[in-house]
Amino acid sequence: MKNIISDINKAFDHRVRLGIMSVLMVNEYADFTSLKELLGVTDGNIASHIKALEKKGYVTVEKSFIDRKPNTRYSATKTGRKDFQKHIDAIENLLKQQRQ
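In my numbering, the protein residues as written are 17 to 116.
Here it is, written out as structure tokens:
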């Protein structure tokens, strides 16, 4: 019998990381403030989870200035999109198996 949770990716098992990737899957990019407000988390919390996703190669970080104010925006990488979709598919499969 196959391990039913083997395709669930530990990098996405925290609700903040799940939220970040969900936002980035449906948007080309999101800036720091938008992510923070959408997810209802602190600066430090969002920063630490972004850093973890960046280390895995799942998000890219782009820093710039808009009207002399720093702006940081994030986007999902091709690998991040593929692995996150695989993670979501694994969760869906797990739920389907539990209903049977």
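Glycine included, C-beta positions come from ideal geometry on N, C-alpha and C.
Closest by C-alpha distance to residue i, when choosing among the options
i	options	result
L40	T76, D29, T58	T76
G73	Y45, N109, T95, D105	T95
T88	L110, L51, K98	L51
Unbroken beta strand (DSSP E) run spanning residue i, endpoints
i	result
T88	85-92
S80	75-82
Residue range of the alpha helix (DSSP H) that includes residue i
i	result
S50	48-55
A27	Unbroken run through A27: none, as it is neither H nor E.
K71	59-71
I36	31-42
Between the CA atoms of residue j and residue i - distance to the nearest angstrom
i	j	result
T58	S64	10 Å
M17	L69	Because the pLDDT at M17 is just 42, under 50, the model does not fix this residue reliably, and the point stays unresolved.
Cβ separation of residue i and residue j, assumed to be a contact under 8 Å, to the nearest whole Å
i	j	result
N61	V42	Contact flag wrong, Cβ pair sits at about 21 Å.
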